[in-house]
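Engineer: If you're matching positions, the sequence shown starts at 4 in our numbering and goes up one per residue.
Note that beta-carbon positions come from the ideal geometry of N, C-alpha and C, so glycine has one too.
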Amino acid sequence: AHPNWSMGRKISVDSASMMNKGLEVIEAHWLFNAPADAIQIVVHPQSVIHSLVQYVDGSVLAQLGNPDMRTPIAYALAWPQRIDSGVAPLDLFQIARLDFSAPDFARFPCLALAYQALRAGGTVPALLNAANEVAVAAFLERRIAFLDIPRLIDDVMGRVVRAEVNELQDVLEADAAARRAAQEWIAQ
4 AHPNWSMGRK ISVDSASMMN KGLEVIEAHW LFNAPADAIQ IVVHPQSVIH SLVQYVDGSV
64 LAQLGNPDMR TPIAYALAWP QRIDSGVAPL DLFQIARLDF SAPDFARFPC LALAYQALRA
124 GGTVPALLNA ANEVAVAAFL ERRIAFLDIP RLIDDVMGRV VRAEVNELQD VLEADAAARR
184 AAQEWIAQ
């Protein structure tokens, strides 16, 4: 289980492998048209700062809040207004400190795979996502070990033919091919 968030089984595994952060890097690329090298993961164990934006003058804007999904859900439902989400106000004195560290790409290879997929482009991010979904399901079913998750993803990303994305069908075909390749890897 995550130390600060209550999550389902699949996202708990993605959190443990840090694939959730890797997928968020890919999302940020598409949402903000930011190159991979401009998106930096910052490990923050208190889970109070949810995003940071650095401006050209070097200043940084941080969005802080208690680790509770009701806040972003309320924001999404009420945008552009704000409504009471039922979450207690953030008490900075109770938190007392905010810690940060760089991610360990050797300890969390799924992060490196996500950046690799983003840089490769085309259908590779779809291959990554599909392989991860199959790998996590197999782990939860005790068919593979936790450390097999990045191995499976890496194998699928290396074996399945990469293509450019011109239409939705290209992504759907890549997803299906990655799922087949992942199942083959598990069956070995």
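1) Can you tell me the Cβ-Cβ gap for residue 121 and residue 39, rounded? I've got them flagged as a contact below 8 Å.
2) Would DSSP call residue 172 helix, strand or coil?
3) Could you tell me how far apart the beta carbons of residue 129 and residue 25 are, in whole angstroms, since I believe they sit closer than 8 Å?
4) Between which two residues does the beta strand (DSSP E) holding residue 63 run?
5) If we count the other Cβ atoms within 10 Å of its Cβ and call it buried at 16 or more, is residue 169 buried or exposed?
6) Since residue 66 contacts residue 50 with CB under 8 Å, what's their CB separation in whole angstroms?
7) Decide if residue 36 is buried, meaning its Cβ has at least 16 other Cβ atoms within 10 Å, or exposed.
8) Determine the direct distance from the alpha carbon of residue 107 to that of residue 21, and round the result to whole angstroms.
9) Just mark residue 142 as buried or exposed, buried being the case when its beta carbon has 16 or more other beta carbons within 10 Å.
10) Check whether the stretch 140-155 touches the stretch 79-91, counting contact only when three or more Cβ pairs, one atom from each stretch, lie closer than 8 Å.
11) Roughly how many angstroms lie between the CA atoms of residue 104 and residue 94, to the nearest whole one?
12) Kindly list the residues whose CB is nearer than 8 Å to the CB of residue 3, restricted to its own chain and excluding five residues on each side of it in sequence; keep chain order.
13) Answer with yes or no whether the minimum CB distance from residue 91 to chain C is below 7 Å.
14) Whole angstroms are fine: how far does the CA of residue 78 sit from the CA of residue 84?
15) Going by beta carbon distance, what residues of the same chain come within less than 7 Å of residue 4, once the five residues before and after it are set aside?
16) Is the separation between the beta-carbon of residue 146 and that of residue 98 shorter than 7 Å?
17) Just grab the DSSP bridge partners of residue 52 for me.
18) Leaving out five residues before and five after residue 45 in sequence, what residues of the same chain have Cβ atoms less than 7 Å from its Cβ?
19) Between the Cα of residue 149 and those of 11, 111, 10, 74, spot the shortest distance and give me the residue it belongs to.
Structural biologist: Looking at the atomic coordinates:
1) About 5 Å separates the Cβ atoms of residue 121 and residue 39, confirming a contact at the 8 Å cut-off.
2) It is helical.
3) Not really, about 14 Å apart at Cβ, beyond 8 Å.
4) Residues 63-67.
5) When all chains shown are included, residue 169 counts as exposed.
6) That pair is no contact at about 12 Å.
7) Exposed, by the Cβ-count rule.
8) Using only the alpha carbons, I get a separation of about 10 Å.
9) Buried.
10) Contact fails: fewer than three Cβ-Cβ distances are below 8 Å.
11) Going from the Cα of residue 104 to the Cα of residue 94 covers about 22 Å.
12) Outside the shown range of the chain (4 to 191) lies residue 3, about which nothing can therefore be said.
13) Absent from the structure: chain C. Only one protein chain is present.
14) Those two C-alpha atoms are separated by around 8 Å.
15) The pLDDT assigned to residue 4 is 49, lower than 50, so where the model puts this residue is not dependable; a value taken from the coordinates is nonetheless given after this. If we look at residue 4 and ignore the five residues flanking it on each side, its Cβ neighbours are 15.
16) No, the pair does not count as a contact, with Cβ atoms beyond the cut-off.
17) Paired residues: 67.
18) Result list for residue 45: 55, 103, in chain order.
19) With distances taken between Cα atoms, residue 149 lies closest to 111.
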